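Written below as structure tokens is the structure these notes are about.
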Amino acid sequence: MMFIEEAIIGEFISKVSDSIVDISKVKIKEEIKNRNTKHQSLESQIYNIVVDVLNKVTYDEYENNQDKIFDVAEKILKGFKSGVDNKNNIKLGLSDICENIDENKCIDFMQLIYRELSKDNYSELYREIRLLQQEKEGNKTSRIERKVDEIQCEVKVTNEILNKIETNNYNSVINQSRIVRKKSRAQEYADKWNANMFLNNFDKRDENAGVNIKLNEVYLEEHLSHYIWMENDRKNPLTDLKELLTEYIEEHNDNKMLFILGQPGIGKSTLITWITVNFNDRINEILVYKFASDLGNVDWQNDRISNRILDEIGLRRNDLNGKILILDGFDEVSIESVRRKDILNSLYCDWIYDRTIDNFSLIITCRENYVQKFAMLKCKYIILQSWDEMQVKSFCSIFQKKTKNNISDGTLKNLLENKSILGIPLILYMVLALNISIDEEGSIVDVYDKIFSLEGGIYDRCIDNKSFADKHRIAETKKQIHQISREIAIWMFENNPDRAVVSKKAYKNICASVTKEFKQKDIGQDFVIGNFFELKHCEGEKGEELYFVHRSIYEYFVVETIFSSIENSMKKLSDGSQEELAANLTIYLKQGKITYTIGEYLLYKIRGLFNKLSVEKKNRFYGWWEETVAKMMEKGMFYYTNKNINYYENIISKECQCFKNIFKILRLFLTMCNVSSHAF
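Counting from -9, one number per residue, gives the positions in the sequence shown under this note's numbering.
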């Protein structure tokens, strides 16, 4: 169990000892009978939690014999009150109703206690427990920890100053403050409101310039996403997002936390831009940071994550008073799903329940499927939805008026029939801006396949709308541009997956390498014309960095590269193609991590190929993959690359990472191939 769970459970047990006088089967039975009354005492809440957990531990085996459960509840609660060893106490109690009681069964029991406490029914009890815990921390360790943090911060800054003195930079840091505060990105997000959208950002001097369109011209209030509240039915999304955000940004009655989830391209970051503009009167209180860019140095395994985050952005707890802290892109840092849940609960307990912080709101954005076990989250959460029919029609109408490009009834019909995919704002915008033909798209991958097709996709759009000395030069170089996009995505995947940027030096090297491979003149400046890359200036030695305009495009190109390298091998399914597959997979899977989104995109591409195979090949597909992996394990992940072992640095870590990635891919295939989970 995590530290925070153990601490909460410890205080729950203390609460039993301090608050309950009458622990008897009769009393427990009476309280359970009256559990549906509106205002339950803390004593009654404790009884309810223990009885519910016991029923869950036994899988409701004693549903018709609750007296047995009440007996065990009495036994365990008396053990808690008497102060005997808690684990032995739980073991003794559970042994009356369960077989094979071990350490894991005790842990399950305590985790279920924590889970029950996390429910809204017991918010009063949880709050009291959390406050008790904070008081103990304050009396015993918090002051020490704060002092240690201050000393560590002073040492860190002092070392930086000493390092700069050694390099004759003393004058530049002599007045440096003890804590360096990172600049909030609130204004950076707000500036996007009046900026041209990336596919409608033309220079007025271009001969064939299209129509410039600003975000504020098409992202109207009626285009705010509808959302699912918590565990509500997904068929009934709510439409009051503005009202909800107002509660978190303008109301000052207590501390609050909102977790915003959504698919790639659904508009999570655009929503932050909308917030910074529409609550402009509070712009000085709105602090915005990106997980990947601003919190990249945080050790996410640390139990004091709240302190680590504040250290990283240069804030103290009292700086949070009256502020709205927005952290964008929780999915963009490498953390296991279970740990993400722990981090969210830790932040909730440390900041929202902190009595020294007033009128504070925390908003965190993240993609769906990167956090599991929502029922165990303490904070409120919402899931943004694709645009509905009215929103799709509204956006199409506005876009058509702005660009003067006609959207046919047939196109609109196809958009509406596939609105679960094409109603994703980013995808809808790209489809309309590039005039992509729409059929029955089953995935965002289908749309990107069309957008980045060498025929009729974004590259041909460049030819139509840009002016060059040699107007149609791009027609000759689009294959190279496409290859450069792949190479850059893989470079990011292996070297900088969290931030997903590539340095100016690295992308120049990639351009030079591809140019040489295709025996063409330098196209280093042409590849950005596709409008799906952006350059940004960075302070210091980094100079400029290149990034895709949306993270899902980067992920698409990673998958496109991996899939293209193994496609022929999977079509053959021969012994020889196993070695070919092993060699190509190893090249791309030795450093980067297969995330949920990359895994889903790759599975979709491979499923498309799988569905075209003969029945005989479909039956052999999974076994063929298993045999390939077995060969790699037997001879080494890098054996089939025919490279000397000295060619790879840190070969052991690369071997391990490659195996973990391939194992994830195999697990993705289980359902597709109708294979039982114990097959590998």
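We treat Cβ as the ideally placed atom computed from N, Cα and C, and that holds for glycine. Since this is a predicted model, take the numbers as computed values, not measurements.
In this structure, Gly413 lies away from Ser443, with their beta-carbon atoms at least 8 Å apart.
Take the alpha-carbon of His216 and the one of Cys369: they are about 19 Å apart. Note on the region 284 to 361: whole beta strand (DSSP E) runs with a minimum of 3 residues are 314 to 318 and 351 to 357, in chain order. Contact between Thr266 and Tyr179 holds: their C-beta atoms lie close to 5 Å from each other, under 8 Å. The continuous beta strand (DSSP E) containing Ile276 extends over residues Ile276 to Lys280. Beta-bridge partners assigned by DSSP to Ile373: Ile218 and Leu251. Take Lys621, set aside five residues on each side of it, and the residues of its chain with a beta-carbon closer than 7 Å to its own are Gln568 and Ala572, in chain order.
Between Asn297 and the set Asp61, Ile333 and Glu407, the nearest pair of CA atoms involves Ile333. Shown here, Ser564 sits in coil according to DSSP, grouped into three states, outside any helix or strand.
Note: Asn640 is not bridge-paired with any residue in the DSSP secondary-structure output.
Secondary structure note for Glu624: it is in no beta strand (DSSP E), and the uninterrupted alpha helix (DSSP H) holding it is Val605 to Lys625.
Val435 carries a helical assignment under DSSP once its states are collapsed to helix, strand and coil. Around the beta-carbon of Cys646, fewer than 16 other beta-carbon atoms lie within 10 Å, marking it exposed. C-alpha of Glu33 to C-alpha of Glu275: approximately 41 Å in a straight line. In the structure shown, Leu536 adopts extended strand secondary structure according to DSSP, grouped into three states. In the three-state scheme derived from DSSP, where H, G and I count as helix and E and B as strand, Leu189 is classed as coil. Closest by C-alpha distance to Asp61, out of Ser85, Asp301 and Glu534, is Ser85.
Contact between the region 345 to 365 and the region 179 to 193 is absent, with fewer than three C-beta pairs closer than 8 Å. One alpha carbon belongs to Asn111, the other to Asn38, and they sit about 10 Å apart. The Cβ-Cβ distance between Ile66 and Val40 falls below 8 Å. DSSP places Lys498 within a helical segment (H, G or I) once states are collapsed to three.
Residue pairing by DSSP puts Ser493 in a beta bridge opposite Glu535. Per the DSSP secondary-structure output, Lys246 pairs in a beta bridge with Ser351.
Spanning the alpha carbons of Cys648 and Tyr630 requires a straight line of approximately 13 Å. Under the three-state reduction of DSSP output, Lys182 falls in the helix class. Annotation: Val278 to Glu557 spans about 42 Å, alpha carbon to alpha carbon. Using a 10 angstroms sphere on the CB of Arg345, the tally of other CB atoms stays under 16, which defines it as exposed. Checking the DSSP bridge columns, you'll see Lys204 partnered with Asn186. For Tyr586, the uninterrupted alpha helix (DSSP H) run begins and ends at Tyr586 to Phe600, by DSSP. By the neighbour-count criterion, in which 16 or more other beta carbons inside 10 Å mark a residue as buried, Asn243 falls on the exposed side. If you draw a 10 Å sphere on the C-beta of Ile642, you find fewer than 16 other C-beta atoms in it, and that means exposed.
Ile239 sits close to Phe269, with the two beta carbons spaced by under 8 Å.
In the DSSP assignment, Leu228 is bridged to Tyr217. DSSP, reduced to helix, strand and coil, places Arg105 within a helical segment of the structure shown. Non-local beta-carbon contacts of Asp284 in its own chain, meaning distances under 8 Å to residues more than five positions away in sequence, involve Lys172, Arg175, Glu302 and Ile303 in chain order. By a beta-carbon distance limit of 8 Å, Tyr52 does not contact Ile103. Their separation comes to about 18 Å.
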